[in-house]
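Asker: Residue numbers for the sequence shown, in mature numbering (1 follows the signal peptide of the UniProt record, and there is no 0): -23 to -1, 1 to 241.
A virtual CB, placed ideally from N, CA and C, is assigned to each residue, including glycine.
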Amino acid sequence: MKKWQIGLTAAVGLIFLGGCANSNGSKNATAATTEEKADTTIHLAAAASLEYAFEEKLIPMYEKEYDKVKIEGTYDSSGNLQTQIEQGMDTDIFFSAATQQMDELIDKDSEIGLLENKLVLITPENNPKEVEDFADLKNADTIAIGDPESVPAGQYAQESLTNLDLWDSLKDRFSMGTNVTQVLNWVAENSADAGLVYETDAKTTADVTVIDEAPEESIKDPILYPVAQLEDSQNAKTAKDFLTFLQTDEAVKVFENYGFTAAQ
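1. With H, G and I counted as helix, E and B as strand and the rest as coil, what does DSSP make of Thr238?
2. Would you grab the beta carbon distance between Ile196 and Leu96 for me? Rounded to a whole angstrom, and I think it's under 8 Å.
3. Which residues in the same chain as Ser(-1) place their Cβ atom closer than 8 Å to its Cβ, once the five residues preceding and following it in sequence are excluded?
4. Do you know how far the Cα of Ala112 is from the Cα of Glu194?
5. Is there contact here, the segment 45 to 65 with the segment 104 to 111, by at least three beta-carbon pairs under 8 Å?
6. Do Ile122 and Val164 have their CB atoms nearer than 8 Å?
7. Is the segment 213 to 231 in contact with the segment 170 to 179, if contact means three or more CB pairs nearer than 8 Å?
8. Rounded to whole angstroms, what's the CA-CA distance from Glu190 to Gly236? Just pull it up for me.
9. Out of Ala74, Glu32, Leu82 and Ile19, point me to the one whose CA is closest to Gln64's CA.
10. Once DSSP output is grouped into helix, strand and coil, what is the label at Met153?
11. Take Lys180 and list the residues in its own chain whose beta-carbon comes closer than 6 Å to its own, dropping the five residues that flank it on each side.
12. Three-state secondary structure (DSSP) at Glu40?
13. Exposed or buried, what is Pro192 when buried is set at 16 or more other beta-carbons lying within 10 Å of its beta-carbon?
14. Is Val229 helix, strand or coil by DSSP?
15. Can you tell me whether Asn94 is buried or exposed, with buried defined as 16 or more other CB within 10 angstroms of its CB?
16. Which stretch, first to last residue, makes up the beta strand (DSSP E) that contains Gln224?
17. Around the Cβ of Asn156, are there at least 16 other Cβ atoms within 10 angstroms (buried) or fewer (exposed)?
18. Mapping DSSP to helix, strand and coil, what is Pro129?
19. Once you ignore the five residues that flank Glu233 on each side, which residues in its own chain have a CB closer than 8 Å to its CB?
20. Among Ser73, Asn116 and Ala24, which residue has its Cα nearest to the Cα of Phe151?
21. Can you have a look at Met66 and say buried or exposed, based on whether 16 or more other CB atoms are within 10 angstroms of its CB?
22. If you run the structure through DSSP and keep just helix, strand and coil, what is Asn162?
23. Terminal residues of the continuous beta strand (DSSP E) containing Asn94?
24. Please report the straight-line C-alpha distance between Glu42 and Ala24, rounded to a whole angstrom.
25. So, is Ala213 buried or exposed, given that buried needs 16 or more other C-beta atoms within 10 angstroms?
26. Would DSSP call Glu33 helix, strand or coil?
27. Whose C-alpha, out of Gln135, Thr18 and Gly50, is nearest the C-alpha of Glu33?
28. Express the C-alpha separation of Thr17 and Ala6 in angstroms, rounding to a whole number.
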């Protein structure tokens, strides 16, 4: 082979190798950029009564400030959420409507008692059975409550009605929902003559009327909403940041606008 042919071959080889290097470099740069832009998803499991506050205000507020973080909420009764978490549902933050479900999942020292709620008696807007207080529940044919087996609002309803000496006389009239939202909808749709839900739920629709609040002496402890980060969170640092945000005055103010009160 002539010297000029050897030189040309070498030059072409260098150009080819340079092209590969640039190609690999571009790929590496693209991969790094993609990695930088990748979202971190925080999985939130929260009581159904918290859904409006989170989906309408708190999650958009947080994602706007932290655009690389996505909050994915699952909402149901605290008992159902507890079961799903125990069965392996990916969860970073659990926000329960009662301490019992939280206590059975994590160390109590890790809980933050953040909010309080109230149990109220509601009727459809037209109040067909003219229920004016708890004693008038005897006039209702169907009374909607959460299932006490898994729904904290139902557990509080059972406690209140038992202490008011009404549970035994009314138990054949109960229609038991799988979460407090279902109970609310039954009353709003006139499928039940009355129901017991949280005050915050009743405020989400004009189709029900709040008739009365459960007497303070009928429920032993405040209706406390604890929140905690789970130990096996896959995004511990980011989850901790979100949990810190939920405790800020700004976030608590949002909860208060939805009818909750800050825990004492």
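Answerer: Result, derived from the coordinates:
1. strand
2. 7 Å
3. In this predicted model, Ser(-1) has a pLDDT of only 44, less than 50, meaning its place in the structure is not dependable; the value taken from the coordinates is given anyway. Excluding residues within five positions, none has a Cβ falling inside 8 Å.
4. 15 Å
5. no
6. no
7. no
8. 14 Å
9. Leu82
10. strand
11. Gly236
12. helix
13. exposed
14. helix
15. buried
16. Unbroken run through Gln224: none, as it is neither H nor E.
17. buried
18. helix
19. Ala239
20. Asn116
21. exposed
22. helix
23. Ile89 to Asn94
24. 24 Å
25. exposed
26. helix
27. Gly50
28. Since pLDDT at Ala6 reaches only 40, below the 50 mark, its modelled position is unreliable, and no value is offered.
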